[in-house]
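Chemist:
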Amino acid sequence: MDYFVQQLINGLNIGAIYALIALGYTMVYGILRLINFAHGDVYMVGAFVGLGLTKLLGYTTSIPGYNADTQGHSLWGGLTLVLIGSMVGAALVGMAIERFAYRPVRKYSRMTTLITAIGVSLLIEYLFVAQLGSAQRSFPSLVKNEAFNLFGDVRISMPQIIIFVISILLMILLQWIIYKTKIGTAMRAVSFNLNSAKLMGINTDVVIAFTFALGSALAAAGGVLTAQYNPSIDPLMGIITGLKAFVAAVLGGIGNIPGAVLGGLVIGVAETMVVAYGSDIGLASSYRDAVAFTILILVLLLRPSGLLGSTVQEKV
Amino acid sequence: MKKSLSSLIPHPSSLKLMPPFIKRLVGALVIVMVLIALNAAMSNEGFYGMGLPYYYSHLLRLAGINIILAVSLNLITGFTGQFSIGHAGFMAVGAYASAFLTVYYTQGLEQKLTAMMGATAAQAIVFLIVLLVAALAAALAGLVVGIPSLRLRGDYLAIVTLGFAEIIRILLVNVQKVGGPTGFSGAIAPWEGRATIPQYANFFWIGLFAVVTIVVVYNIVRSDTGRALISIREDELAAQAMGINTTRYKVVAFVISSAFAGVAGGLWAHYNSFLSTQDFQFFRSFEVIIMIVLGGMGSITGSILGAVVITALPELLRTYPYEIVIALALIPLAAVLLRVIRRERLPEVIRSGWPHAIFVLVFYVALFLVARLVLINLLELDYRLSAMGVNISNYRLVIYSALLIAMMLTRPQGLLGHQELGFHWLKRAQKRPVGDASVGASGGVPIAERDAPTADPYKETENR
Amino acid sequence: MRRTLIALGLVAVMFLGLSCERRGAGTGGGGEPIKVGVYLDLSGQTSSFGQSTKNGIEMARDEINKAGGINGRPVELIIEDEQGEPGKVTTVVTKLLRQDQVHALLGEVASTNSLAAAPKAQEAKIPMITPSSTNPKDTRVGDYIFRVCFIDPFQGEVMAKFAANSLKAKRAAILADFNSDYSKGLTQFFKQSFTKLGGTIVDEKTYTQSDRDFSSQLTAIRSTNPDVIYIPGYYGQVGVIAKQARQQGITVPLLGGDGWDAPQLWDLGGEAMNNSYISNHYSIDDPKPEIQKFVTDYKARYGGVAPDALAALGYDAMRVLADALQRAGGTDSAKLRDAIAQTKNFPGVTGTITMNAERNVDKPAAVLELKPAARQFGYKETIYPDNMTPPTTAGASPAASPAASPAATASPAAATQ
């Protein structure tokens, strides 16, 4: 029983990260009907911007003591600064992508925009690889490396707690923005019907830019948080994680915000359980990545609108 | 009006009396002999020592395989409008199936056949059998993937095909008998089969199957089936309303396209002699997409062109990175300059048709040479950049993706759009417009500046 | 008239442009160079290995060329980066063999990549020496493939012996890299030896190099209560695994192999690397004069960076090749192959190198303890293969004994910190 709970905690942890990234996918699809292939790479960019910030602020991994607190820098302050800084940086990147790559092709067909999105994703990845090489870099840990015993054999580590707390805070913040602010109402209007929203006087370009910024900021937060848990970051880390987060968005119902969160958690737990119990039924842990894709195919075949989505009738 | 390939070959009047069957047979024999001759030229020793060095024959073979992939993908994506980005998955199925068969099960058969009819014939027969299996396996995979997925539209279909390709890859990586994550270069346990995958696929076979693929797809497209497929692309609901069983046609196109991808995989396996699932990742599928998008999604000759360009591009970027970057950067510049030098001001002779095309080409080449002269020979940009630590060949994939995005922004229909490169352009060029020269002169110019920037053939009419 | 002039001008420009050639790099003088192809991972997931090996090879090449080359001919290295992917390895090696027509190949570090390249080298009958691939399959591909290091059946046995005898462990769990032949080989041999010594393997899990989260595997392992955990993987993942393992409350010793040897390990794992041991090819604090000279020279050339085992092996591989080229008297591949096969008692920094019948080398392994505070590996003990006689007096460093004198022996008093 303890084993199951421990694995559940592990699963929810990864799931929270997937959820943060999935929110970006789902919001952009909701208003533009566009799959932003480059979103996974924004997650990666967020982590690297965070890395740059830690260097700027003076945190390194080379000090004996390895927690960046021996130079009198505070850890919590550092984490907050790096988090906010990377979120802002990624938001700018997201808005730039929208302005220069997606806006010009908005009037074209879906295939063209999809190809453009994939092109942007590859561009970002290879730009980073060309500059930094595809080798991993280590992110300094801004979270103390301790762990707490919950009950019995179940432990939870500080990075895991931080991931849970911050993702929940961010999701609450997102809910507040969407339901309690003017721009949030505008976002909901645009996702309902772009043209009608334009007719009502909403500046759709601003709303779209804001949505991209919001989604990218969340993905960047996910990137920095993951780096606390797993300090190895490399330019290609956004590919698989981005794809799985996309599956999470589809699973929850693409365009549906609580759905994205639910989808993320489900995928995280499913993956972990396959590794935890898979050997009992003959599945090696190397099948872990296949879980997300299998779920994707099952969802699209059996219930394409996702768990919480609603079916859209096709008009002739 | 049905056009067959043989009608493009000019023939003396006496041959007109021969039935088309004989004409086609003769055509096929000519092609085969040309291929055999070219194949002999492909090695350093062939053609009395005048053969091509390895580097070029390697690129040609790679281009041949890419042509098969591009043309077959064009059938389902360009002509039927179903966006599939899982092509590498079917290639992988064909590659691994054929390699598995060759390595573990064909040694005995080949020995028996060699005793009967000599080594070349024996190898040919074994190879054909193995490729047939590759095609069937990939076709089966295409059926399994296609039937459930082709109900979906647009983005969803793309993602599902991507997902299936990844699942195929992950399944293959877990099969120890074909090497697992290490890669497949021969029998895992040495007594069970051959030590290496034999290199059956020389230029002859690759060229032959490229020709076969082109002919088959061409004939499909020009037939009733092809018309149905194109109608599905243009407006699926309308096609359904006209009584076309869209699901059936889509699945058929998908299966045929996957079968050819499997053949390409089999050829690849027997050329590279080493299979690794990392070669069949998403980027490989996407490369094929780039090929057909570059060439024009509804054009067979376009996808051939795209395949050749994309095959050559990485190599060119590796050896001549600065020249390529200059060449690419000059395209928009040349277009702007040509617009400034308006067509009316050109002499009558080069204003339209083939002569105009040649003029544009010469203009561009001259511009390129001038730019190269200035930037590389005079300013020595390449040395300065590498002295500053910028290694441009590292950026070649960046250039790739930037090129793709630029193309999507400026000319989403690709180089040829829906047109085919062909001899009919020769005829069109002879049309001399009467009166005002600038009006009505179409000419089918390849580097056309006439297409409106928003000419996107796949625009769906959405009610938003 | 005007048009004709313009046309002529255009043509003239074209000729001018075509005739200008790029300024090319000149070829050096001296005898015709001996081309050695080097293929390594210089920018991928195991780039630390590739960079270190390259450093060792280049240092050796410069020493050789400064001493006059090989029979008057300079050694020219053609170095290619294949980013650690087996598909790219075959492309790059084919290019080196067919296009550049190298006389010999050096590479790779990861056994999977050497395995991808070996059939090509064997087929082209060009000798290939891998500096640090330890999976036995590599040299079995053919008689043109050699290595200058020990092989995994020995390396796996080393850690098993250390775990059972020195750490007194009875239960071991294994967490291996699914994509790596090196990791799978070590797992197999560790299991064999550990069970032979009376221990039990309580759990066996795998991960892939793209995994970001190892907690599920670690939780499963933790629930089986092992005495030690063997993680025969590469530094990029091992550092993170160690960190997450300690977070999960796993305090038992972690064991590994030469794949851990990279400076990034300290950045990634930090203090989690305490209480861990690896088997490696040499120990940097071995007081033997040749080794210390190598360390000093390397530090001087590369800005104070200390050489790791991979740099040392790269250095040795290049020197063994040069020595064989000297003996073969030329670059004829059959003669070169035979010369390499006949290498006997070559003094390497990683030990005395004698090619055995399987084209491998019998060498002892050093067991090193991880000291994250100093970002260093400290010497713990040496373990010899069964067919080698260890020096009789512990602490003596045998100078000229005909049986292979292991380089990693050092007087423990001087070496342990």
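Chains as they are written, first to last, in our numbering: chain L, 1 to 316; chain S, 1 to 464; chain V, 1 to 417.
Just so you know, even glycine gets a beta-carbon here, dropped at the ideal spot from N, CA and C.
As the structure is a prediction and not an experimental result, all values here were calculated from the model.
Does the pairing of the region 57-76 of chain V with the region 299-317 of chain V give three or more beta-carbon distances under 8 angstroms?
Modeler: Touching, yes.
Chemist: List the whole-angstrom C-beta distance separating Ser333 (chain V) from Lys125 (chain V), where the pair is believed to meet the contact cut-off of C-beta under 8 angstroms.
Modeler: With a Cβ gap of about 5 angstroms, Ser333 (chain V) and Lys125 (chain V) count as contacting.
Chemist: I'd like to check one pair, Gln45 (chain V) with Gln209 (chain V): are the Cβ atoms closer than 8 angstroms?
Modeler: Yes, the pair counts as a contact, with Cβ atoms nearer than the cut-off.
Chemist: What is the residue span of the alpha helix (DSSP H) that Gly252 (chain L) lies within?
Modeler: Unbroken alpha helix (DSSP H) run through Gly252 (chain L): Met237 to Gly252.
Chemist: Consider the Cβ of Ser401 (chain S): report whether some Cβ of chain L lies at a distance smaller than 8 angstroms.
Modeler: Answer yes: the Cβ-Cβ gap between Ser401 (chain S) and chain L drops below 8 angstroms somewhere.
Chemist: What separation, rounded to the nearest whole angstrom, lies between the Cα atoms of Gly378 (chain V) and Lys371 (chain V)?
Modeler: Answer to the nearest angstrom: the Cα atoms are 7 angstroms apart.
Chemist: Is there a Cβ from chain L that is less than 8 angstroms from the Cβ of Arg212 (chain V)?
Modeler: Yes, Arg212 (chain V) counts as interfacial toward chain L.
Chemist: Give me the chain V residues within the contact set of Tyr271 (chain S), using Cβ-Cβ distance strictly less than 8 angstroms, ordered along the chain.
Modeler: Under the 8 angstroms cutoff, chain V gives no residues; its nearest Cβ is about 11 angstroms from Tyr271 (chain S).
Chemist: How big is the Cα-Cα spacing for Gly142 (chain S) and Val255 (chain S)?
Modeler: The straight-line gap from Cα to Cα measures roughly 5 angstroms.
Chemist: For the region 79-97 of chain V, which residues have a CB atom closer than 7 angstroms to at least one CB atom of chain S, in sequence order?
Modeler: Within the region 79-97 of chain V, the qualifying residues are Glu85, Pro86, Gly87 and Thr90.
Chemist: Please list the terminal residues of the continuous alpha helix (DSSP H) segment that includes Pro347 (chain V).
Modeler: Careful: Pro347 (chain V) lies outside any alpha helix (DSSP H), inside the beta strand (DSSP E) at Phe346 to Gly348.
Chemist: Could you spell out the range, first to last residue, of the beta strand (DSSP E) harbouring Val202 (chain V)?
Modeler: Segment Thr200 to Tyr207, the beta strand (DSSP E) holding Val202 (chain V).
Chemist: Spatial neighbours of Ala238 (chain S) within its chain, please: C-beta separation below 8 angstroms, excluding the five flanking residues on both sides.
Modeler: These residues qualify, in order along the chain: Ser231.
Chemist: Which whole runs of the alpha helix (DSSP H) in the region 256-325 of chain S are 4 residues long or more, in chain order?
Modeler: Segments of the alpha helix (DSSP H) lying fully in the region 256-325 of chain S: 282-295 and 300-319.
Chemist: May I ask which residues mark the beginning and end of the alpha helix (DSSP H) holding Lys243 (chain V)?
Modeler: Its alpha helix (DSSP H) spans residues Tyr235 to Gln247.
Chemist: Could you have a look at Gly256 (chain V) and say whether DSSP puts it in helix, strand or coil?
Modeler: In this structure, Gly256 (chain V) counts as strand in the three-state DSSP scheme.
Chemist: When DSSP builds the beta bridges, which residues end up paired with Arg171 (chain V)?
Modeler: Partner(s): V:Thr200.
Chemist: Measuring CA to CA, which of S:Ala28, S:Ala334 and S:Pro198 is closest to Thr120 (chain S)?
Modeler: Among S:Ala28, S:Ala334 and S:Pro198, the Cα nearest to that of Thr120 (chain S) is on S:Pro198.
Chemist: In angstroms with no decimal places, state the Cα-to-Cα distance between Arg222 (chain V) and Ala365 (chain V).
Modeler: Their backbone Cα atoms lie some 29 angstroms apart in a straight line.
Chemist: With contact counted as at least three CB pairs below 8 angstroms, one residue from each stretch, are the region 184-192 of chain L and the region 18-35 of chain L in contact?
Modeler: Contact holds: three or more Cβ-Cβ distances are below 8 angstroms.
Chemist: Could you tell me the alpha carbon to alpha carbon distance between Met291 (chain S) and Gln122 (chain V), rounded to whole angstroms?
Modeler: The alpha-carbon atoms of Met291 (chain S) and Gln122 (chain V) are separated by roughly 35 angstroms.
Chemist: Does Pro263 (chain V) get closer than 8 angstroms to chain S when you measure Cβ to Cβ?
Modeler: No, no contact with chain S.
Chemist: Using a Cβ cut-off of 8 angstroms, pull out every chain S residue sitting near Thr112 (chain V), in sequence order please.
Modeler: Residues of chain S passing the Cβ test: Pro181, Thr182 and Gly183.
Chemist: Spatial neighbours of Ala68 (chain L) within its chain, please: CB distance less than 6 angstroms, with the 5 preceding and 5 following residues excluded, ordered by chain position.
Modeler: Any reading at Ala68 (chain L) needs caution, since the residue's pLDDT is 45, under 50, leaving its predicted position unreliable; the model's value is listed next. Tyr59 and Pro140.
Chemist: When the Cα atoms are used, what is the spatial distance from Gly107 (chain V) to Thr130 (chain V)?
Modeler: So the two alpha carbons sit approximately 5 angstroms from each other.
Chemist: Report yes or no: do the region 247-267 of chain L and the region 292-303 of chain L share at least 3 C-beta pairs separated by less than 8 angstroms?
Modeler: Contact between the region 247-267 of chain L and the region 292-303 of chain L is present, because at least three Cβ pairs lie under 8 angstroms.
Chemist: Does any residue of chain S have a CB that is nearer than 8 angstroms to the CB of Pro235 (chain L)?
Modeler: Answer no: the Cβ-Cβ gap between Pro235 (chain L) and chain S never drops below 8 angstroms.
Chemist: Look at Val36 (chain V) and Val89 (chain V) and say whether their C-beta atoms are less than 8 angstroms apart.
Modeler: Contact flag unset, no.
Chemist: Can you find a CB in chain L that lies within less than 8 angstroms of the CB of Val240 (chain V)?
Modeler: For Val240 (chain V), the answer is yes, since a Cβ of chain L falls inside 8 angstroms of its Cβ.
Chemist: Reducing DSSP to helix, strand and coil, say where Val439 (chain S) ends up.
Modeler: Since pLDDT at Val439 (chain S) reaches only 36, below the 50 mark, its modelled position is unreliable, and no value is offered.
Chemist: For Val165 (chain L) versus Val5 (chain L), is the C-beta spacing smaller than 8 angstroms?
Modeler: Not a contact, by the Cβ cut-off of 8 angstroms.
Chemist: Cβ of Gly215 (chain L) less than 8 angstroms from any chain S Cβ?
Modeler: Chain S contact via Cβ: absent.
Chemist: For the region 172-184 of chain V against the region 214-233 of chain V, are there 3 or more C-beta pairs whose distance is under 8 angstroms?
Modeler: Touching, yes, given that three or more Cβ pairs across the two stretches are closer than 8 angstroms.
Chemist: Determine the contact status of Met237 (chain L) and Met27 (chain L), defining contact as a CB-CB distance below 8 angstroms.
Modeler: Cβ atoms of Met237 (chain L) and Met27 (chain L): not closer than 8 angstroms.
Chemist: Out of V:Val92, V:Arg147 and V:Glu32, point me to the one whose CA is closest to Ile340 (chain V)'s CA.
Modeler: Of V:Val92, V:Arg147 and V:Glu32, the residue nearest in Cα terms is V:Arg147.
Chemist: If contacts are defined as beta-carbon pairs under 8 angstroms, then Val158 (chain V) and Ser279 (chain V) qualify, I think. What distance do you get, rounded to the angstrom?
Modeler: About 4 angstroms separates the two Cβ atoms, so the contact holds.
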